[in-house]
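Each remark here refers to the structure printed beneath this line.
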Ligand code: F3S
């Protein structure tokens, strides 16, 4: 790979041991994937934030880097943490877990990382532009930024994203290159998609079929950004889709080559079967919405449904701290809390230790959450649209 003089210096250790180590990782990645050069990144989003996923080794690694004075060079946001960083005690998160989670956050903060903890950074102040090169790691955020915004990122791992943040660069390969962003399978959708959960079911089904290919959707008549984020998140979870195109809806559809692609048809039958497959439980102990993290529109929808009602079981909606603050101001938080629900910030149902909090069956409207909850959190899952989930609790 061609390196600039400045980059050679980093590799020679002239900018310290931490940068040398991390830059070496980026060079190795670039060599593996055939990158010709490094490119500057506009922003970074780092995964591996919950203490549940990083554990003691991750915590020690982060504290070590922070203690050596490592500082990020570009705007860097974080994936959800393992708990609500302000209301963890009230929500029943275990104390020992909280202590370690706070240490993880402190280490990130010391490195100059904005301690945002969200999988929807684009809703919380980290919005890339069309064709901007970025290095993000949360799979649903990668999918959204590549597909809906038209920014360019590979699906980074935690360490490679952190390296990109500290070095301000990433190797130029994969989805950074226009020729690698071409679709290689067509998905013809012949079913009405009304709820976000329908988009989640579609995404789950397609992800399973296409694995890491780039789908080009036809037949989706309309979708708002919440529905597209649900679609992309599910495809990234059940498969490894990091970019998709939707005819007339996403920005690169007129530019890509889509003739002669193998076609997969999706009808009501496939969608119904997916709902059935994702349902392993009957009566949820808790309903958790907001995967990926809820937008203000999704929070306001829940507030509308809960106005004046009394919940029998807990209902959470997960979101970023920024959206929560907007919801506080709009009075949505008060409505949801009066009904007995909670807006939970900074975390989500998958990366928080809900299995340690006594929950066994979780109701979700997200294809991604339905995919991960059984394995990550030992949960039975009720996968349904928001109306059915909330109806069952009031
Ligand atoms: Fe976000 Fe957690 Fe879902 S990280 S995409 S809310 S599993």
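Numbering (our numbering), first residue to last: 18 to 411. Cβ coordinates follow ideal geometry from the N, Cα and C atoms, glycine included. Note that this is a predicted model, so its numbers are computed, not measured.
- For residue 204, the three-state secondary structure derived from DSSP is strand.
- In the three-state reduction of the DSSP assignment, residue 327 falls in the coil class, being assigned neither a helical nor a strand state.
- Its chain contains 367 as the residues whose beta carbon lies nearer than 6 angstroms to that of residue 389, once the 5 sequence neighbours on both sides are disregarded; these appear in chain order.
- The three-state reading of DSSP puts residue 340 in helix, counting H, G and I together.
- Rounded to whole angstroms, the gap between the alpha carbons of residue 400 and residue 117 is 32 angstroms.
- Counting C-beta atoms within 10 angstroms of its own C-beta, residue 286 has fewer than 16 neighbours from the protein chains shown and is therefore classed as exposed.
- Secondary structure within the segment 152 to 207: the alpha helix (DSSP H) runs of 4 or more consecutive residues, fully enclosed, are 156 to 161 and 175 to 184 (chain order).
- For the ligand F3S, no non-hydrogen atom lies closer than 7 angstroms to the CB of residue 394.
- Not one heavy atom of the ligand F3S is found less than 7 angstroms from the C-beta of residue 217.
- The residue from 32, 37, 156 and 44 with its alpha-carbon nearest to that of residue 19 is 44.
- Each of 23, 175 and 60 was checked against the Cα of residue 150, and the nearest Cα belongs to 60.
- Three or more beta-carbon pairs separated by less than 8 angstroms are not found between the segment 336 to 343 and the segment 69 to 78, which leaves the two stretches without contact.
- The count of Cβ pairs closer than 8 angstroms, one atom from the segment 276 to 283 and one from the segment 171 to 189, stays below three, leaving the stretches out of contact.
- Shown here, residue 311 sits in a strand according to DSSP, grouped into three states.
- When rounded, the separation of the alpha-carbon atoms in residue 346 and residue 325 is 19 angstroms.
- Distance from the C-beta of residue 229 to the nearest heavy atom of the ligand F3S is not below 7 angstroms.
- Your pair residue 170 and residue 337 does not check out as a contact, with CB atoms roughly 19 angstroms apart and the cut at 8 angstroms.
- Its chain contains 28 as the residues whose beta carbon lies nearer than 7 angstroms to that of residue 41, once the 5 sequence neighbours on both sides are disregarded; these appear in chain order.
- Taking a contact to require three or more Cβ pairs closer than 8 angstroms, the segment 100 to 115 and the segment 143 to 158 do not qualify as touching.
- Under the DSSP assignment, residue 60 falls in the beta strand (DSSP E) whose first and last residues are 60 to 63.
- Burial check for residue 196: the Cβ neighbour count within 10 Å stays below 16, so the residue is exposed.
- Linking residue 191 to residue 316 through their CA atoms gives a straight-line distance of about 35 angstroms.
- Looking at the DSSP output, residue 283 sits in a beta bridge with 206.
- When rounded, the separation of the alpha-carbon atoms in residue 393 and residue 323 is 29 angstroms.
- In terms of Cβ geometry, residue 305 and residue 258 do not form a close pair [threshold 8 angstroms].
- Neighbourhood of the ligand F3S, defined by CB distance below 7 angstroms to any of its heavy atoms: 96, 97, 136, 155, 157, 250, 307, 308, 309, 310, 335, 365, 366, 367, 368, 383, 385, 386 and 389, in chain order.
- Residue 352 and residue 105 have their C-alpha atoms spaced approximately 20 angstroms apart.
- Each of 321, 391 and 363 was checked against the Cα of residue 335, and the nearest Cα belongs to 363.
- C-alpha of residue 67 to C-alpha of residue 369: approximately 7 angstroms in a straight line.
- Judged by DSSP in its simplified three-state form, residue 302 adopts coil rather than helix or strand.
- DSSP places residue 27 within a helical segment (H, G or I) once states are collapsed to three.
- Two segments are said to touch when three or more pairs of C-beta atoms, one from each, lie closer than 8 angstroms; by this definition the segment 219 to 233 touches the segment 250 to 266.
- When the Cα atoms are used, residue 214 and residue 26 turn out to be separated by approximately 50 angstroms.
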